[in-house]
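Chains as they are written, first to last, in this note's numbering: chain D, 1 to 123; chain A, 124 to 500. A virtual CB, placed ideally from N, CA and C, is assigned to each residue, including glycine. In what follows, a single structure is set out as structure tokens and then discussed.
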């Protein structure tokens with residue numbers, strides 16, 4: 001099983017998935033670039049906190065998955081931001097609907113309860 | 124002049140060690156904040172400053188391998204504290220490297236001796252480089268001229284304001300340029316933008332037209348451009364004080380002087396003028412974070428100006444901007460990574476093959492590369 005993960009955020013989000021994935025599935029080991037994927041590997045591409053890049057990153061990730069050929073699952077992990085879970089899910093579904101992908105696509109939308117970005121600056 | 128490779132220790136305010144960097148014609152220095160991009164430019168410029176000026180020495184060591192007028196030279200300089208705690212030359216050497224890699228030593232110098240062309244010289248000032256001291260010697264003069272062709276723009280501490288300020292055109296500058304018709308004399312004149320553009324409009328019309336054309340391309344709302352005189356704007360100066368001015372399409376009949384242009388327009392004009400007036404044998408242009416506080420229209424022109432430039436100039440620029448990084452080929456990147464005081468360098472050519480295996484934009488792949496993201500250890 002090989003997985004490619006798209007995250008939207010800056011360094012922190014990528015680091016969380018990099019640590020978390022092997023905890024959930026210890027068979028998977030991290031590779032720093034999708035082209036290094038061999039067997040039981042996962043790679044992560046981050047938008048670096050530039051939300052305007054999401055579309056091109058997702059499009060390019062699908063192209064990469066299709067051309068590299070040994071990726072079983074593409075995970076798109078994005079925050080819902082001000083949108084509801086359902087609205088964000090539909091937006092991502094629509095984003096990927098035009099592009100056939102050889103791998104199974106999973107959409108992950110973490111629910112924002114009170115993350116560090118939204119905490120008040122004073123208490 | 125073109126720098127082929129460079130290594131330095133110290134050379135600016137902090138004692139960073141820059142491992143050997145190979146430079147090409149266009150070099151985009153990238154790296155996380157505080158990896159040493161600005162300091163790299165400062166050390167390159169400070170070393171060059173000591174080659175051509177006697178005003179100030181810096182602490183550190185420098186190792187330049189460079190090409191000038193078809194010859195390859197290596198200049199090594201090491202300074203340290205003298206008796207008065209001020210920087211003094213401790214070791215220095217200049218060699219010519221021929222096409223087979225053989226060295227011919229021009230200068231070999233330490234605290235005890237100063238040998239030039241195989242002959243011991245009498246004691247010379249230890250607070251000046253040998254390039255400066257021997258600049259009138261036939262074999263050293265090309266090095267002096269080469270290091271004189273380096274220009275650096277930092278765009279902070281009022282540099283842009285100074286560049287756009289009013290300045291009397293010195294009569295001797297006009298007399299010299301009228302006589303020599305050499306663009307290099309304009310470069311070395313150190314004049315600000317207004318008098319430079321005036322001289323270009325008078326004696327180098329083709330270049331002036333090209334600058335105006337490029338400027339209007341970037342800012343299509345500019346309808347007219349001219350060099351006017353300061354009196355028109357209510358300034359009274361003794362002497363010739365030209366003012367570069369523009370009219371906008373929708374603000375007709377009002378000349379707007381250069382000092383009232385937006386900072387983005389001033390920067391664009393300054394860079395275009397600098398690039399088009401670099402020395403004819405090739406200059407080196409260092410620019411630190413040009414994009415700061417600029418809108419997209421003022422940023423986007425930049426990569427094409429660099430990529431379309433003739434083959435003789437060398438550009439070493441720093442940037443964090445996705446557009447600039449994305450529009451400079453990966454092979455032209457130099458990525459910095461800092462471990463304490465050690466700056467390790469990765470050349471873009473090392474990433475090119477890996478990046479070509481993905482359809483993600485090069486900038487996106489860069490910000491996912493651990494050498495870049497974990498830029499400071």
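Looking at the C-beta of residue i, does it have a partner C-beta in chain D at a distance below 7 Å?
i              : result
residue 490(A) : yes
residue 481(A) : yes
residue 493(A) : yes
residue 158(A) : no
residue 227(A) : no
residue 477(A) : yes
residue 496(A) : yes
Give me the Cα-Cα distance between residue i and residue j, rounded to the nearest whole angstrom.
i              : j              : result
residue 350(A) : residue 288(A) : 14 Å
residue 234(A) : residue 133(A) : 20 Å
residue 157(A) : residue 499(A) : 8 Å
residue 119(D) : residue 462(A) : Confidence is the limiting factor: at residue 119(D) the pLDDT is only 46, short of 50, which leaves the residue's position unreliable, though a coordinate-based value still follows. About 33 Å.
residue 104(D) : residue 67(D)  : 15 Å
residue 488(A) : residue 305(A) : 45 Å
residue 223(A) : residue 194(A) : 12 Å
residue 77(D)  : residue 9(D)   : 9 Å
residue 342(A) : residue 161(A) : 29 Å
residue 221(A) : residue 241(A) : 18 Å
residue 311(A) : residue 154(A) : 32 Å
residue 166(A) : residue 210(A) : 15 Å
residue 39(D)  : residue 83(D)  : 36 Å
residue 362(A) : residue 292(A) : 7 Å
residue 330(A) : residue 18(D)  : 54 Å
residue 173(D) : residue 95(D)  : Chain D is shown from 1 up to 123; residue 173(D) falls before or after that span and cannot be answered.
residue 33(D)  : residue 446(A) : 22 Å
residue 396(A) : residue 323(A) : 10 Å
residue 367(A) : residue 405(A) : 26 Å
Rounded to the nearest angstrom, how far is the Cβ of residue i from that of residue j, given a contact under 8 Å?
i              : j              : result
residue 126(A) : residue 407(A) : 7 Å
residue 290(A) : residue 318(A) : 5 Å
residue 151(A) : residue 455(A) : 5 Å
residue 270(A) : residue 353(A) : About 35 Å separates the two Cβ atoms, so there is no contact after all.
residue 422(A) : residue 431(A) : Incorrect: roughly 16 Å between the Cβ atoms, too far for contact.
residue 283(A) : residue 390(A) : 6 Å
residue 262(A) : residue 232(A) : Their Cβ separation, rounded to whole angstroms, is 15 Å, which puts residue 262(A) and residue 232(A) out of contact at 8 Å.
residue 316(A) : residue 200(A) : Not confirmed; about 33 Å, so no contact.
residue 159(A) : residue 139(A) : 5 Å
residue 459(A) : residue 468(A) : 6 Å
Take the Cβ of residue i as the centre, count every other Cβ of all protein chains shown within 10 Å, and call the residue buried at 16 or more, exposed below.
i              : result
residue 24(D)  : exposed
residue 122(D) : Only weak support exists for where residue 122(D) lies, its pLDDT of 48 falling under 50; the value from the coordinates is given anyway. By the 10 Å Cβ count, residue 122(D) comes out exposed.
residue 61(D)  : buried
residue 335(A) : buried
residue 486(A) : buried
residue 93(D)  : exposed
residue 374(A) : exposed
residue 344(A) : exposed
residue 20(D)  : exposed
residue 228(A) : exposed
residue 248(A) : exposed
residue 191(A) : buried
residue 412(A) : buried
residue 177(A) : exposed
residue 4(D)   : buried
residue 495(A) : buried
residue 22(D)  : exposed
residue 482(A) : buried
residue 337(A) : buried
residue 215(A) : buried
residue 41(D)  : buried
residue 298(A) : exposed
residue 183(A) : buried
Tell me, please, whether the CB atom of residue i is closer than 7 Å to any CB atom in chain A?
i              : result
residue 63(D)  : yes
residue 48(D)  : yes
residue 32(D)  : yes
residue 45(D)  : yes
residue 11(D)  : yes
residue 60(D)  : yes
residue 97(D)  : no
residue 29(D)  : no
residue 120(D) : For residue 120(D), the predicted structure reports a pLDDT of 46, less than 50, and the residue's modelled location is therefore unreliable. The matter cannot be settled from this model.
residue 35(D)  : yes
residue 123(D) : At residue 123(D) the pLDDT is 46, less than 50, meaning the model places this residue with poor confidence and gives no usable figure here.
For this session: Starting from the N-terminal side, write out each stretch of the alpha helix (DSSP H) that is 4 residues or longer and does not extend beyond the segment 385 to 469 of chain A.
Result: 386 to 399, 419 to 430 and 445 to 450
Exercise. If you scan the segment 6 to 47 of chain D from start to end, which runs of the beta strand (DSSP E) of 3 or more residues do you find wholly inside it?
Worked result: 41 to 46
Problem set entry | Whole runs of the beta strand (DSSP E) within the segment 69 to 106 of chain D, excluding any shorter than 3 residues | 73 to 77
Problem set entry | Inside the segment 189 to 232 of chain A only - beta strand (DSSP E) runs reaching at least 3 residues | 194 to 204 and 210 to 220
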